[in-house]
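K.L.:
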Amino acid sequence: MIIKPSDIENKEIQTIYHPQKGEQGSVIDIDTFSLFYGKSQALFDTTMDVEKGLVTAIIGPSGCGKSTLLKSLNRMNDLIDNISINGKIRFEGKNIFDRDTDVINLRKQMGMVFQKPNPFPMSIADNVTYPLKIDGIRGKNVLAETCERSLKRTALWDEVKDRLNESALRLSGGQQQRLCIARAIAADPEVLLMDEPCSALDPMATIKIEDLINELKGKYTIIIVTHNMQQAARVSNNTAFMYIGRIIEYGKTDIIFTKPKSMKTQDYVTGRFG
Amino acid sequence: MNSLKLKPKQKQRSPGNVFSGSKGINLASKGEKYLWSMGGALIIGLIMIAAFLLLILVNGLKTFYPGPVHRVTLTDNRVIAGEPFRREKISQDQTLETSREDTCSAWRTLYKTGNFDLYNKDFRWVDEQDIKQISEPKDIFYIERTEWGPFIGYIHELNLNHETFFFSRERLSQLKKEHKAAQARRNILKDLKKKEMGSINHELDNLRLSLKRVELDHGKDSVRYKTTLDSLSAKRKKLEENYGEIADKIEIIIKKDAKYSVVLKDVSGIEKRVNISDIIRFYPANNLTLSQKTGIYISRWIEFLTAEPREANIEGGVMPAIFGTFAMTLLMVIIVAPLGVMASLYLKEYAKQGKLVSMVRICVNNLAGVPSIVYGAFGLGFFAYCVGTTVDRIFFPEYLPNPVYGTGGILWAALTLALLTLPVVIVATEEALAAVPQSLREGSLACGASKWQTIKNIVLPNALPGIMTGLILAMARGAGEVAPLMLVGVVKLAPDLPVDTIFPFIHPERSFMHLGFHIFDVGFQSRNAEAGKPMVFVTTLLLISLIGLMNAFAIHIRSRMKKKYSVGQ
Chain Z
6 MIIKPSDIEN
16 KEIQTIYHPQ
26 KGEQGSVIDI
36 DTFSLFYGKS
46 QALFDTTMDV
56 EKGLVTAIIG
66 PSGCGKSTLL
76 KSLNRMNDLI
86 DNISINGKIR
96 FEGKNIFDRD
106 TDVINLRKQM
116 GMVFQKPNPF
126 PMSIADNVTY
136 PLKIDGIRGK
146 NVLAETCERS
156 LKRTALWDEV
166 KDRLNESALR
176 LSGGQQQRLC
186 IARAIAADPE
196 VLLMDEPCSA
206 LDPMATIKIE
216 DLINELKGKY
226 TIIIVTHNMQ
236 QAARVSNNTA
246 FMYIGRIIEY
256 GKTDIIFTKP
266 KSMKTQDYVT
276 GRFG
Chain S
451 MNSLKLKPKQ
461 KQRSPGNVFS
471 GSKGINLASK
481 GEKYLWSMGG
491 ALIIGLIMIA
501 AFLLLILVNG
511 LKTFYPGPVH
521 RVTLTDNRVI
531 AGEPFRREKI
541 SQDQTLETSR
551 EDTCSAWRTL
561 YKTGNFDLYN
571 KDFRWVDEQD
581 IKQISEPKDI
591 FYIERTEWGP
601 FIGYIHELNL
611 NHETFFFSRE
621 RLSQLKKEHK
631 AAQARRNILK
641 DLKKKEMGSI
651 NHELDNLRLS
661 LKRVELDHGK
671 DSVRYKTTLD
681 SLSAKRKKLE
691 ENYGEIADKI
701 EIIIKKDAKY
711 SVVLKDVSGI
721 EKRVNISDII
731 RFYPANNLTL
741 SQKTGIYISR
751 WIEFLTAEPR
761 EANIEGGVMP
771 AIFGTFAMTL
781 LMVIIVAPLG
791 VMASLYLKEY
801 AKQGKLVSMV
811 RICVNNLAGV
821 PSIVYGAFGL
831 GFFAYCVGTT
841 VDRIFFPEYL
851 PNPVYGTGGI
861 LWAALTLALL
871 TLPVVIVATE
881 EALAAVPQSL
891 REGSLACGAS
901 KWQTIKNIVL
911 PNALPGIMTG
921 LILAMARGAG
931 EVAPLMLVGV
941 VKLAPDLPVD
951 TIFPFIHPER
961 SFMHLGFHIF
971 DVGFQSRNAE
981 AGKPMVFVTT
991 LLLISLIGLM
1001 NAFAIHIRSR
1011 MKKKYSVGQ
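These protein sequence lines are chains Z and S, in that order.
First residue of the first sequence? That's 6 in the working numbering, and the numbers climb one at a time after it.
First residue of the second sequence? That's 451 in the working numbering, and the numbers climb one at a time after it.
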C-alpha cells in the first residue's frame, strides 16, 4: 500500500504512542505544536516527550518536517521570516516560546550539529572554544582544557592535537563534522540536536560519528534527525516517525522497527516508500 | 593499408551525422563558435590599456632627460639656440601660406628657446628649408632660473663680491661652489620667510582674533576689553620687534645675493645679469657625460617630487599636490569605510527584506551613476555653505567676514567624495556579506552567539576581503575624481599644506592642491600650453603611480586578510 498525501490530509491522524518507561523523566516536552511558513502549514499538532539522557531519532521521508521540528527546539526557525507557531514546546518545564525566554541562553543549552559540516574559517582550537569565547571567557587554561576535553570526547584529539592552530577547513569532511560536534558540546549543553549529521559523509566517517553518538549517550540528551533508517535503528533508544508534518508513531526504537502499529510506519521502515 | 586509413575518418564523421541530421554539421553545437570574438574583445581592451600606459610612461619618463641644445643659423643669417622639442610635416596649405613651392622636405621643428624675458616666448617654429647650419657648441649652457623660465646661451662674466672675471671652462668649478653657497642662502631665506615670518604673522593674527572675540563677547566699552587690549598690545610690540629682526636678516641675505651674479649672453649677443641665487640648476647641454645627464635627470625628478611649484605651476615640483591627493583620499576612505559598512550591515543583516529595502537598494545603485559634478555642487551648497557657515557662526565668529569652514576645504572635499563613493562601498559590502555562507551564521547562532557577536566574529571577518575590494574601487574612483573637487576646495596654488607645524597641526578647513586638478591647470590654464604639455604627462604618470601604489597597498592588506581567514593557512 502506498500512501498518497491526500489520504492523510483528508482525515485526522491520531499519533500512536507506545508506552514508555522513562526513568529520568522528559527534558523536552513538545505539546500540540504547529508551525506555518506563511500560509502553508509545515507541522500539525506534533506532540512528544524527549527522554533525558537517551538518543531520540526522528525519521521520515524528505520534506516531512523533521528538520523543522528539530530547529524549532532551539528556535533556529526565528531566523526565517514569515513564520508563525501554535502550541508549546517545554524545555525543562518552561515554554520556550514565552516572551521572557532568553533565546541565546536556550541555544547555549542545546548544542546543534548541522547537515553539512560548518566549521568556522579559523583554527581548530578557535572553533572548539568559540562558544566559550562569545561568553567572554578569556582564560587560556580554561580554553585549552575545554578544547582538549571536547576534542577527546569526540575522538578527534589524537588526530589533531599537533595542529590545533591550523585552519579547521583543512580537515576531512568527517573530521570537520566531529569538530562541529566538539564545538557543540564545548559549552556543556543539556541537549544535542543533530540534523542529519552523516548525510554529507562517507560510510567510514558515518561509522565514527555513530560510535561517537553511542559514546555521548547518557552525558547528553541527543535528538537526531535522519533519513537513514539503519542509522536510527543502530543509535537511538526512541524513534519518532514523521510524515507530512505529523508524528505518526513514537516509541521505543525496537518496537517502531519491529512491531509498529501504524501501517505507514511499517511501510516506511520496511522500505516500501520514502 | 588503405582500408585502415579510411576507418578512423569514417568514425570521426559519424557522431557529427548523429547530431546534425540531414542539415549538415551545426558548428555551434560542436565548437566554440564565438570564442574568437570574446578573445578579440579582451585583446582590444588589453591593447588599449597597454598603449595608454606606454604613452604616459614614455612621455612622462623622457621629459626630465636633458637634451642637446642646437645652435641654428638661418639662411638670413639670424641665429637661434634651443632644445629641439618636436618635428612635424607641414601640410600643403601651410606651405602655400608661406609661399613656398618646394614641398619635398616640408618639415619644421619646434625649438625650446627659453629666454622668455628676452623674446617674450619660450618656443619657436623653424622651417627646415630656412636652416643653413646646425651645430652643437660645447660651451652653450642650459640654465634653469627661479623666474622667467630657462635661459639658453653662454655664460659671459662672473661677478663675485665686486670682482669680475670673464667666464672660461676653468671657472666652472668656482661657479659651482658659489652656486652651492647661493642655494644654501636661498633655503635659509625661504625658511625665514615661510616658517619664522609665517608663524609671527599667525600669532599676530591670533592676537587680533582674540581681541575681536573679547569685543564680541563683552563689548568694546567693557573693562575686560581694555585690559585685553593693553596686554595684547604689549605682546604685539614684542612680535613686531621679532618681525623686524627677521626682516633685517632677510635684507642682509638679499644684499649678499646681489653681490654674486653672472652675466649671461644669448646666441644673438643680448646680455642679461642674473643673481647666482636665482639659478636653480645649470649645465653645459652639449658637453655632458651619460652619468652627468643621469644625475640631472634624477635631480629634476627629486625636485619634481619634493619641491613646491614655481612659475604658475609649469616649473618646480608638485609635492603639495601629491600630499593633497594622498591626504584627501585617505580622509575619504576613513569617512566612507565605516559609513558604508554600517549602512550595508543594516541593509543586509538587520532590515526586513521587502519592498522598502529593495527600493533603497535601487536608489543606492542609481546614486552611483549620478555625475560627479552634481556631488560637487551638493558639497559646496550643503557642506561648505550650509554646515560650514553655521560652524563659523558658532565657533569662529571673530574670523567673520572671512570664512574658516564656510568655504571649500579638504574636509568638505573628502566628505563630498565619501558621499560619491558611498554607493560603491555599500554595493560591494552587501555582496561580500551575501557571500558569507548561511551555514556559518547558523553555526554561530546555534552556539548561542547573539546576532551582533555572529556579525562581529563570523560575518565581518569573512566578508572583509570583499569589503576591501569595495574600498579599493572607491579609493580608485575618489583619487581620480577632479570635477567635484574644483567646487569644494581644490585650488591652483595652496599657500599652506593641510598639515603643518602650527597648532593644531591638522587644518581640515584649508584648501589644497590635487594632482588631477594640477594636470588640468598645467595643461589648459597656463600661459604656455607648449611648456605645460610635458608636465601634463609627468603629472599624469605620477597620479597613476600614486593611485596604483595606494591600490597595491590595499590589495596587499586584502590578500593578507584572505590568507588569515581562508583555507590556505
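The C-beta atom is built at its ideal place from N, Cα and C for all residues, glycine as well.
It should be emphasised that the depicted structure is a prediction, and the values quoted were computed from it without experimental measurement.
#1: Whose CA, out of S:Ala-834, S:Arg-521, S:Lys-644 and S:Lys-709, lies closest to the CA of S:Gln-583?
#2: Taking just the CA atoms, how far does S:His-1006 sit from S:Leu-910?
#3: In whole angstroms, give me the CA-to-CA distance for S:Arg-537 and S:Leu-993.
#4: Roughly how many whole angstroms lie between the Cα atoms of S:Gly-466 and S:Tyr-484?
#5: Which residue or residues does DSSP assign as beta-bridge partners of S:Tyr-604?
#6: Taking the alpha-carbon of S:Gly-920 as reference, which of S:Thr-775, S:Tyr-796, S:Leu-789 and S:Asp-842 has the nearest alpha-carbon?
#7: Here's a check: name, in chain order, each residue in its chain whose Cβ is nearer than 8 Å to the Cβ of S:Lys-459, leaving out the five neighbours to either side.
#8: According to DSSP, which residues form a beta bridge with Z:Met-53?
#9: Kindly indicate the opening and closing residues of the alpha helix (DSSP H) around S:Asp-667.
#10: Quick one: grab the DSSP three-state call for S:Arg-536.
#11: At 4 residues or longer, and completely inside the segment 208-253 of chain Z: list those alpha helix (DSSP H) runs for me, N to C.
#12: Three or more C-beta pairs under 8 Å: does that hold for the segment 949-968 of chain S against the segment 929-941 of chain S?
#13: Let me know the secondary structure DSSP gives S:Leu-504 once reduced to three states.
#14: Could you pull out every residue in the same chain whose Cβ sits closer than 6 Å to the Cβ of S:Asn-509, ignoring the five residues on either side in sequence?
#15: On the three-state DSSP scale, how would you describe S:Thr-614?
#16: When the Cα atoms are used, what is the spatial distance from S:Arg-1008 to Z:Asn-82?
#17: Looking at chain S, is there any beta carbon in it that lies within less than 8 Å of the beta carbon of Z:Phe-246?
#18: Using the rule of at least 16 other Cβ atoms within 10 Å of the residue's Cβ for burial, across every protein chain shown, is S:Glu-753 buried or exposed?
#19: If we count the other Cβ atoms within 10 Å of its Cβ and call it buried at 16 or more, is S:Val-949 buried or exposed?
#20: In this structure, what does DSSP give as the bridge partners for S:Arg-558?
#21: Looking at the strands, I want to know which residues DSSP matches up with S:Asn-736.
#22: Please report the straight-line C-alpha distance between S:Leu-781 and S:Ala-818, rounded to a whole angstrom.
#23: Check the C-beta distance from S:Gly-829 over to S:Leu-937 and give it rounded, since I have them as a contact under 8 Å.
#24: Compare the C-beta of Z:Lys-121 with all C-beta atoms of chain S and state if any pair is closer than 8 Å.
#25: Apart from the five residues just before and just after S:Ser-585, which ones in its own chain have a Cβ nearer than 6 Å to its Cβ?
#26: If distances are taken between C-alpha atoms only, which option among S:Ile-696, S:Ser-479 and S:Glu-533 comes closest to S:Phe-601?
#27: Which of the residues in the segment 888-921 of chain S, read from start to end, lie with their CB under 9 Å from any CB of chain Z?
#28: Does DSSP put Z:Asp-200 in a helix, in a strand, or in coil?
#29: Strictly under 8 Å for the Cβ-Cβ distance: is S:Lys-802 near chain Z by that measure?
#30: What residues in its chain sit with their C-beta under 7 Å from that of S:Gly-859, if we drop five residues either side in the sequence?
#31: Tell me which same chain residues have a C-beta within less than 7 Å of the C-beta of S:Asp-580, skipping the five on either side of it?
#32: Going by CA-CA distance only, name the one from Z:Arg-251, Z:Gln-271 and Z:Lys-264 that's closest to Z:Gln-19.
#33: Can you find a C-beta in chain S that's less than 8 Å from the C-beta of Z:Phe-49?
#34: Give the DSSP bridge partners of Z:Lys-257, in chain order.
#35: Counting Cβ pairs closer than 8 Å, one from the segment 628-640 of chain S and one from the segment 700-712 of chain S, do we hit at least three?
#36: Return the chain-ordered list of same chain residues with a C-beta closer than 7 Å to the C-beta of S:Ala-933, the five sequence neighbours on each side being excluded.
P.N.:
Quick look at the numbers:
#1: Taking the first residue of the second sequence as position 1, residue 583 of chain S is located at position 133. Considering only alpha carbons, the answer is S:Arg-521.
#2: Along the second sequence, one-based indexing puts residue 910 of chain S at 460. Along the second sequence, one-based indexing puts residue 1006 of chain S at 556. Taking the straight line from one Cα to the other gives about 19 Å.
#3: Taking the second sequence and counting its residues from 1, one reaches residue 537 of chain S at position 87. Taking the second sequence and counting its residues from 1, one reaches residue 993 of chain S at position 543. Whole-angstrom Cα-Cα distance: 28 Å.
#4: Along the second sequence, one-based indexing puts residue 466 of chain S at 16. Along the second sequence, one-based indexing puts residue 484 of chain S at 34. With a pLDDT of only 45 at S:Gly-466, under 50, the local geometry of the prediction cannot be trusted, and the value read off the model is given with reservation. Between S:Gly-466 and S:Tyr-484, the C-alpha separation is close to 19 Å.
#5: Translated into the one-based positions of the second sequence, residue 604 of chain S becomes position 154. Paired residue(s): S:Lys-715.
#6: Indexing the second sequence from 1 puts residue 920 of chain S at position 470. Nearest C-alpha to S:Gly-920: S:Leu-789.
#7: If you number the second sequence from 1, residue 459 of chain S lands on position 9. With a pLDDT of 46 at S:Lys-459, under the threshold of 50, the predicted position of this residue should be treated as unreliable, and no value is reported.
#8: Position 48 of the first sequence, counted from the start, is the residue given in the question as residue 53 of chain Z. Bridge partners of Z:Met-53: Z:Ile-35.
#9: One-based indexing of the second sequence puts residue 667 of chain S at position 217. Here the alpha helix (DSSP H) through S:Asp-667 covers 647-668.
#10: On the second sequence, position 86 is the one that residue 536 of chain S refers to. It is a strand residue.
#11: 208-221 and 234-240
#12: yes
#13: Along the second sequence, read from residue 1 onward, the residue named residue 504 of chain S stands at position 54. Three-state result, S:Leu-504: helix.
#14: If you number the second sequence from 1, residue 509 of chain S lands on position 59. Hits under 6 Å: Phe-987.
#15: Residue mapping note: residue 614 of chain S aligns to position 164 of the second sequence, counting from 1. Note: S:Thr-614 maps to strand in three-state DSSP.
#16: What you label residue 1008 of chain S is simply residue 558 of the second sequence in a count that begins at 1. What you label residue 82 of chain Z is simply residue 77 of the first sequence in a count that begins at 1. Those two C-alpha atoms are separated by around 35 Å.
#17: Your numbering for residue 246 of chain Z matches position 241 in the first sequence. Chain S contact via Cβ: absent.
#18: What you label residue 753 of chain S is simply residue 303 of the second sequence in a count that begins at 1. Per the 10 Å Cβ criterion, buried.
#19: Position 499 of the second sequence, counted from the start, is the residue given in the question as residue 949 of chain S. S:Val-949 comes out exposed.
#20: Reading the second sequence from its first residue, position 108 is the one you call residue 558 of chain S. Note: S:Arg-558 sits in a beta bridge opposite S:Glu-538 and S:Asp-577.
#21: On the second sequence, position 286 is the one that residue 736 of chain S refers to. Partner(s): none; S:Asn-736 has no beta bridge.
#22: Numbered from its first residue, the second sequence carries residue 781 of chain S at position 331. Numbered from its first residue, the second sequence carries residue 818 of chain S at position 368. One C-alpha to the other measures close to 20 Å.
#23: In the second sequence, counting from the first residue as 1, residue 829 of chain S sits at position 379. In the second sequence, counting from the first residue as 1, residue 937 of chain S sits at position 487. Between S:Leu-937 and S:Gly-829 the Cβ distance is about 7 Å, and since that is below 8 Å, they are a contact.
#24: On the first sequence, residue 121 of chain Z is found 116 positions in, with the first residue counted as 1. Z:Lys-121 counts as touching chain S.
#25: Here the question's residue 585 of chain S lines up with position 135 in the second sequence. Taken in chain order, the residues that qualify are Arg-521.
#26: One-based indexing of the second sequence puts residue 601 of chain S at position 151. Looking at the Cα atoms, S:Glu-533 is the closest of the given residues.
#27: Gln-888, Ser-889, Leu-890, Arg-891, Glu-892, Gly-893, Ser-894, Leu-895, Ala-896, Cys-897, Gly-898, Ala-899, Ser-900, Gln-903, Thr-904, Asn-907, Ile-908, Pro-911 and Asn-912
#28: For this step, residue 200 of chain Z is matched to residue 195 along the first sequence. If DSSP states are grouped into helix, strand and coil, Z:Asp-200 belongs with the strands.
#29: The residue given as residue 802 of chain S occupies position 352 in the second sequence. Chain Z contact via Cβ: present.
#30: In the second sequence, residue 859 of chain S corresponds to position 409, counting from 1. Around S:Gly-859: Gly-939, Pro-958, Glu-959, Arg-960 and Ser-961.
#31: Taking the second sequence and counting its residues from 1, one reaches residue 580 of chain S at position 130. The residues are Leu-524 and Thr-525.
#32: As a working mapping, residue 19 of chain Z is identified with position 14 in the first sequence. Residue Z:Arg-251 is the option with its Cα nearest to Z:Gln-19.
#33: Residue mapping note: residue 49 of chain Z aligns to position 44 of the first sequence, counting from 1. Output row for Z:Phe-49: interface = no.
#34: On the first sequence, residue 257 of chain Z is found 252 positions in, with the first residue counted as 1. Paired residue(s): Z:Asn-243.
#35: yes
#36: Translated into positions along the second sequence, residue 933 of chain S becomes position 483. Same-chain partners within the cutoff: Ser-822, Ile-823 and Gly-826.
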